[in-house]
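Visitor: If you scroll down you'll find the structure; I have some questions about it.
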Amino acid sequence: MRDGGTSSTVRKRADARRNEQTLLDAAAAVFVARGVDAPVRAIAAAAGVGMGTIYRHFPTRADLVIGVYRHQIDALVSTAAHLLAESESPAAALAQWMDGFVDFLVTKHGLAGALRSEEASFDTLHAYFLDRLVPACASLLDAATAAGETRSDVDALTLMHAAGNLCIGVEGGGDAASDAHRMVGLLIAGMRLPAVG
Numbered sequence: 000m001r002d003g004g005t006s007s008t009v010r011k012r013a014d015a016r017r018n019e020q021t022l023l024d025a026a027a028a029v030f031v032a033r034g035v036d037a038p039v040r041a042i043a044a045a046a047g048v049g050m051g052t053i054y055r056h057f058p059t060r061a062d063l064v065i066g067v068y069r070h071q072i073d074a075l076v077s078t079a080a081h082l083l084a085e086s087e088s089p090a091a092a093l094a095q096w097m098d099g100f101v102d103f104l105v106t107k108h109g110l111a112g113a114l115r116s117e118e119a120s121f122d123t124l125h126a127y128f129l130d131r132l133v134p135a136c137a138s139l140l141d142a143a144t145a146a147g148e149t150r151s152d153v154d155a156l157t158l159m160h161a162a163g164n165l166c167i168g169v170e171g172g173g174d175a176a177s178d179a180h181r182m183v184g185l186l187i188a189g190m191r192l193p194a195v196g
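Sequential numbering of the sequence shown, starting at 0, is according to numbering that gives the first Met the number 0.
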């Protein structure tokens with residue numbers, strides 16, 4: 000009996016984690032399309048759940064915003080190692096990762112504004128952002144530099160800061176987001192070294 004109960008509990012926890020991930024993905028998409036003040040019912044509809052499910056996982060809007068922010072950071076971190084292993088070169092992996100970083104930044108600007116009233120939460124998230132994303136970006140940048148594909152005089156924090164500056168004022172999708180992707184792509188292209196031989 001104990002083994003069956005444990006197995007059932009593990010399954011329930013796994014289901015709960017999947018449901019939470021689905022909610023966070025849906026909330027992020029809705030925030031990009033409609034802004035951070037989008038109605039909770041729109042997020043529930045996008046996730047295919049009832050509003051009670053959202054409130055069970057995230058009792059307040061700030062909890063939901065923080066959850067989306069952390070979820071997107073964690074996704075970017077896990078993507079770095081995957082891209083490095085799967086891409087044709089470290090520089091290509093870096094370019095793809097930076098493209099995802101731009102998507103994150105486009106969402107992040109709205110999230111940051113929503114959290115201004117929750118200064119303690121915002122400060123904690125900023126530290127989480129730096130602690131998690133700078134090493135992920137550095138792993139890609141270091142690999143591209145070691146392969147002789149990119150300049151060695153730019154560090155990860157500087158690169159991320161430059162990309163952030165290119166995304167200032169961009170929220171949601173559309174032409175402004177496309178421009179941000181294009182500008183960050185040009186930034187990455189400018190860091191590339193000519194191929195030898």
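Quick reminder that beta carbons are idealized off the backbone N, C-alpha and C, glycines included.
Could you check whether residue 191 and residue 27 sit closer than 9 angstroms to each other, using their CB atoms as the reference points?
Guide: As a working mapping, residue 27 is identified with position 28 in the sequence shown. As a working mapping, residue 191 is identified with position 192 in the sequence shown. Taking 9 angstroms as the Cβ cut-off, residue 27 and residue 191 do not qualify as a contacting pair.
Visitor: For residue 46, which option in 54, 25, 140 and 92 has the closest C-alpha, if you only look at C-alpha atoms?
Guide: Along the sequence shown, one-based indexing puts residue 46 at 47. Answer by Cα proximity: 25.
Visitor: Please list the terminal residues of the continuous alpha helix (DSSP H) segment that includes residue 53.
Guide: To locate residue 53, count along the sequence shown from 1; it is residue 54. Residues 50-56.
Visitor: Taking buried to mean at least 16 other C-beta atoms within 10 Å of its own C-beta, is residue 50 buried or exposed?
Guide: Reading the sequence shown from its first residue, position 51 is the one you call residue 50. Answer is exposed; the Cβ neighbour count stays below 16.
Visitor: So what does residue 191 bridge to, in DSSP terms?
Guide: Here residue 191 is taken as the residue at index 192 of the sequence shown, counted from 1. Residue 191 pairs with 149.
Visitor: Could you check whether residue 75 and residue 100 sit closer than 9 angstroms to each other, using their CB atoms as the reference points?
Guide: For the purposes of this step, residue 100 is identified with residue 101 of the sequence shown, where counting begins at 1. For the purposes of this step, residue 75 is identified with residue 76 of the sequence shown, where counting begins at 1. A contact, by the Cβ cut-off of 9 angstroms.
Visitor: Please determine if the segment 126-143 and the segment 82-96 are in contact, where contact requires at least 3 C-beta pairs separated by less than 8 angstroms.
Guide: With the cut-off at 8 angstroms, the segment 126-143 and the segment 82-96 touch.
Visitor: Does DSSP put residue 36 in a helix, in a strand, or in coil?
Guide: As a first step, residue 36 must be located in the sequence shown, where it is residue number 37. Correct three-state label for residue 36: coil.
Visitor: If you compare alpha carbons, which of 73, 150 and 60 is closest to residue 20?
Guide: Walking along the sequence shown from the start, residue 20 turns up at place 21. Nearest option by C-alpha distance: 73.
Visitor: Report all residues from its chain with a CB closer than 8 angstroms to the CB of residue 209; omit the five preceding and five following residues, and keep chain order.
Guide: Here the chain covers residues 0 to 196 and nothing more, so residue 209 does not appear.
Visitor: If you follow the alpha helix (DSSP H) that residue 66 is part of, which residue opens it and which one closes it?
Guide: For this step, residue 66 is matched to residue 67 along the sequence shown. Unbroken alpha helix (DSSP H) run through residue 66: 60-85.
Visitor: Going by alpha carbons, who is nearest to residue 128 out of 67, 146 and 36?
Guide: For this step, residue 128 is matched to residue 129 along the sequence shown. Answer by Cα proximity: 67.
Visitor: Assuming residue 31 and residue 42 are in contact, meaning their beta carbons sit under 8 angstroms apart, how far apart are those beta carbons, in whole angstroms?
Guide: As a first step, residue 31 is located in the sequence shown; it is residue number 32 there, counting from the start. As a first step, residue 42 is located in the sequence shown; it is residue number 43 there, counting from the start. Actually they are not in contact, since the Cβ atoms of residue 31 and residue 42 sit about 12 angstroms apart, beyond 8 angstroms.
Visitor: For residue 148, count the other beta carbons within 10 Å of its own beta carbon; 16 or more makes it buried, fewer makes it exposed. Which is it?
Guide: Your numbering for residue 148 matches position 149 in the sequence shown. The residue in question, residue 148, is buried, as its Cβ has 16 or more Cβ neighbours within 10 Å.
Visitor: Which class does residue 42 belong to by DSSP, given the choice of helix, strand or coil?
Guide: Translated into positions along the sequence shown, residue 42 becomes position 43. Three-state DSSP puts residue 42 in a helix.
Visitor: Where does residue 130 fall in DSSP's three states?
Guide: Walking along the sequence shown from the start, residue 130 turns up at place 131. Helix at residue 130.
Visitor: From residue 5 to residue 14, what distance separates their C-alpha atoms?
Guide: The sequence position of residue 5 within the sequence shown is 6, counting from 1. The sequence position of residue 14 within the sequence shown is 15, counting from 1. Approximately 14 angstroms, taken between the alpha carbons.
Visitor: I need the boundaries of the alpha helix (DSSP H) containing residue 47, first residue and last residue.
Guide: To locate residue 47, count along the sequence shown from 1; it is residue 48. Looking at the DSSP string, residue 47 is not in any alpha helix (DSSP H), and its letter there is neither H nor E.
Visitor: Does the beta-carbon distance from residue 136 to residue 165 come in below 9 angstroms?
Guide: Taking the sequence shown and counting its residues from 1, the one referred to as residue 136 is at position 137. Taking the sequence shown and counting its residues from 1, the one referred to as residue 165 is at position 166. No, they are not a contact pair.
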